[in-house]
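Below is one structure, written out as structure tokens; comments come after it.
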Amino acid sequence: MEDLNDVYNELIMEHSMNSYNKKKLDKVDFCEIGHNPNCGDEITLELKMDGDIIQDMAFSGHGCAISQASTSIMIDTLKGKTIEEAKEIIKTFIEMIKRETTNEEELKKLEDAIAFRNVANMPARVKCALLAWHTVEDILNKK
């Protein structure tokens with residue numbers, strides 16, 4: 301039987317190398333740059349809204365496998381959600397990475413983003429995983 305960590309690692313590698321979310325959107329309602337000065341990771345997040353629902357998201361930029369995969373998986377997780385749902389998911393993701401929650405029921409709402417749960421054990425990678433999540437949180441807090 302395949303180890304769950306292996307599945308998560310494969311998911312992260314797949315999203316970091318072949319992200320279909322790495323593109324430009326035609327018309328966007330919000331565009332925000334996220335930058336991690338420690339390692340040079342930089343992303344530009346684009347959001348298209350339909351009322352208070354995140355209709356579409358995309359990103360561009362460069363960075364390590366973790367920051368790129370985290371951004372892509374975040375987009376899959378948040379697309380189609382309301383602002384309130386998205387804020388709740390973002391809060392849970394940040395708490396998981398900072399080891400503030402281990403509640404399995406709470407973590408289920410993260411869908412594939414739970415793949416980053418082991419990043420909590422790698423302090424140097426925490427900011428990489430959180431870059432996109434903090435960037436989208438900034439966007440949604442302005443809304």
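Taking the numbering used here, I'd label the letters of the sequence shown as residues 301 to 443.
Heads up, the beta-carbon is just placed ideally off N, CA and C, and yes, glycines get one too.
How many Å lie between E400 and R417 at the Cα?
-> Cα-Cα distance, rounded: 11 Å.
Using the C-alpha atoms, what's the distance from S360 back to I390?
-> The straight-line gap from Cα to Cα measures roughly 20 Å.
Inter-stretch contact at 8 Å, needing at least 3 Cβ pairs: the region 305–313 / the region 336–349 = No: fewer than three Cβ pairs fall under 8 Å.
In three-state terms, what does DSSP make of M313?
-> Helix at M313.
What are the start and end residues of the alpha helix (DSSP H) that includes I414?
-> Segment: none, I414 is in no alpha helix (DSSP H) and carries neither H nor E.
Within its chain, find whatever has a CB closer than 6 Å to the CB of D352; leave out the 5 residues flanking it on each side and keep chain order.
-> Exclusion of the five residues before and after D352 leaves T382 and I383 as the residues of its chain whose Cβ lies within less than 6 Å of its Cβ.
Go through its chain and collect everything with a Cβ distance to E385's Cβ below 6 Å, but skip five positions before and after it.
-> Closer than 6 Å at the Cβ level, and outside the excluded window around E385, lies no residue.
Taking the alpha-carbon positions, what's the G363 to H434 distance?
-> Roughly 15 Å separates the two Cα atoms.
Candidates N421, A424 and I373: closest to N321 by CA position = Closest in alpha carbon position to N321, among N421, A424 and I373, is I373.
Would you mind working out which of A415, N441, I333 and I439 sits nearest A429, comparing C-alpha positions?
-> Per the Cα distances, A415.
Backbone CA spacing between H315 and E388 [nearest angstrom] = Between the alpha carbons of H315 and E388 lies a distance of about 23 Å.
For the beta strand (DSSP E) that contains T344, what are its first and last residues?
-> Where T344 is concerned, the enclosing beta strand (DSSP E) stretches over D341 to D350.
May I have the straight-line CA-CA distance separating D412 from E437, to the nearest angstrom?
-> Taking the CA atoms as reference points, D412 sits about 19 Å from E437.
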